[in-house]
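Just so we're on the same page, the working numbering is the position in the sequence shown counted from 1, plus 2.
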Amino acid sequence: MYPVHDVDAILLLSLAVAAKRRPADLIEIATAIDLAQQTIPSTNKLSDAFARLSAYGLIVEIDGGYVLSDDAQKMMESQRKKDDNAKRIYRLKEHLADYHLAGDHATVLIHPDKIKVAIDAHLKAKKSGVRNLLMPKTQAQIDFKKQPFNPFYSRKNRD
């Protein structure tokens with residue numbers, strides 16, 4: 003695939019998180035992008051990335067939601083779990099550079115205004131007290147009553 007942009011790898015990484023169980027809508031994708039990178043690319047760049055990746059058959063639209071194709075899932079499975087997001091994005095860009103188009107695929111065209119509405123909804127929900135399962139927990143949400151793991155503590159010592 004030529005040329006490879008940073009936003010392509012970011013979109014694939016976030017879509018892998020957002021569409022784990024079912025097709026993800028644009029708000030869930032915006033949330034996953036924010037989680038992966040702490041900044042959201044411009045709406046025009048995201049719109050172009052959707053068109054580019056869907057034309058190459060890496061993103062598929064199903065019932066108004068978006069999922070990774072089989073080829074894109076294979077790229078995600080080859081990622082190392084210990085790597086941080088910057089390293090994963092770098093490796094995804096390498097995989098995208100080596101990827102070759104096979105057949106014709108339907109291009110998903112998303113108007114930048116739709117993406118802007120989804121990003122605004124995400125940012126509004128982020129500022130409010132709405133619980134979002136994709137975002138990391140704050141210190142106030144962590145339950146400190148649970149005993150931390152201690153390798154020297156066993157059930158025999160407890161009684």
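Heads up, the beta-carbon is just placed ideally off N, CA and C, and yes, glycines get one too.
In the DSSP assignment, G67 forms a beta bridge with I64. Excluding sequence positions up to five before and after Q75, its CB lies within less than 8 Å of the CB of A18, all in the same chain and listed in chain order. The Cβ atoms of A34 and L94 lie no closer than 7 Å to each other.
Unbroken beta strand (DSSP E) runs of no fewer than 3 residues, entirely contained in the segment 92-117, are not found. Contact between H107 and M77 fails: their C-beta atoms lie close to 16 Å from each other, not under 8 Å. Looking at the DSSP output, A127 shares a beta bridge with no other residue. According to the DSSP secondary-structure assignment, A26 is paired through a beta bridge with Y68.
Cα atoms of K129 and K84: separation of roughly 30 Å, rounded to the nearest angstrom.
Taken atom to atom, the span from the alpha-carbon of D115 to that of N46 is near 9 Å.
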